[in-house]
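One structure is given here, and the rest of the page talks about it.
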Amino acid sequence: MHTSTSKDESGTETIGEVVHCTTEQEYYQVLNDSGSKLVVIDVFAEWCSPCRQIAPVFEALARQHPNVVFVKVDVDKVPTIKTILGVWAMPSFFFFKNGKKLSSFMGANENALRRGIANDGNVGMCSSCSIQ
1 MHTSTSKDES
11 GTETIGEVVH
21 CTTEQEYYQV
31 LNDSGSKLVV
41 IDVFAEWCSP
51 CRQIAPVFEA
61 LARQHPNVVF
71 VKVDVDKVPT
81 IKTILGVWAM
91 PSFFFFKNGK
101 KLSSFMGANE
111 NALRRGIAND
121 GNVGMCSSCS
131 IQ
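The numbering of the sequence shown is the UniProt record's numbering, which starts it at 1 and goes up by one.
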């Protein structure tokens, strides 16, 4: 559960160390502003049970990795994100660096999420999830 919310200089809502993009423009702005930092994007929906289950893990990882940009995008608030990223299942996680997609996977797979962060965006092979 989130205890506080705030907005950064650009007006993007932040909760803890996770940036919540509520528009397509904010999504692109975060990617542009992140430069060479690893960006981890969680595409989710409030009604999605696996999304809610992995959310505390995502937030904890954001606190543990301050040099990584963690982003959440709700498909119901930013429906175009499904087309932009090719989302067809939730949650879906995407790893970007320098504006380029490095890898992605679908499903609430904590091990794949940790592996992607530890390997600078390279999720590697995972038998229990779909990885691109």
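Note that CB positions come from ideal geometry on N, CA and C, so glycine has one too.
Taking residue i as the reference, which of the options has the closest Cα?
i	options	result
E46	A112, F70, V75 and E110	V75
N119	A89, H65 and C51	H65
residue 149	V30, G121 and A89	With the chain represented from 1 up to 132, any question about residue 149 goes unanswered, as that position is not in the structure.
Please report how far the alpha carbon of residue i lies from the alpha carbon of residue j, in whole angstroms.
i	j	result
K37	G99	10 Å
G35	V87	24 Å
C21	A112	23 Å
Q53	I81	21 Å
K97	A55	22 Å
Y27	T83	13 Å
V40	F94	6 Å
R114	V78	25 Å
M106	V123	11 Å
Q132	G116	Confidence in Q132 is poor, its pLDDT being 44 and thus under 50, which makes the residue's placement unreliable; the coordinate value appears in the next sentence. The straight-line gap from Cα to Cα measures roughly 12 Å.
M85	E24	According to the sequence provided, residue 85 is Leu. The question's Met does not apply to it. The straight-line gap from Cα to Cα measures roughly 11 Å.
V30	A108	23 Å
I'd like to check one pair, residue j with residue i: are the Cβ atoms closer than 8 Å?
i	j	result
S92	S104	yes
D42	V71	yes
V57	E17	no
Taking DSSP's pairing of strands, which residues face residue i in a bridge?
i	result
S103	F95
I41	V71 and F94
A78	Here residue 78 turns out to be Val, not Ala, going by the sequence shown. None; V78 has no bridge partner.
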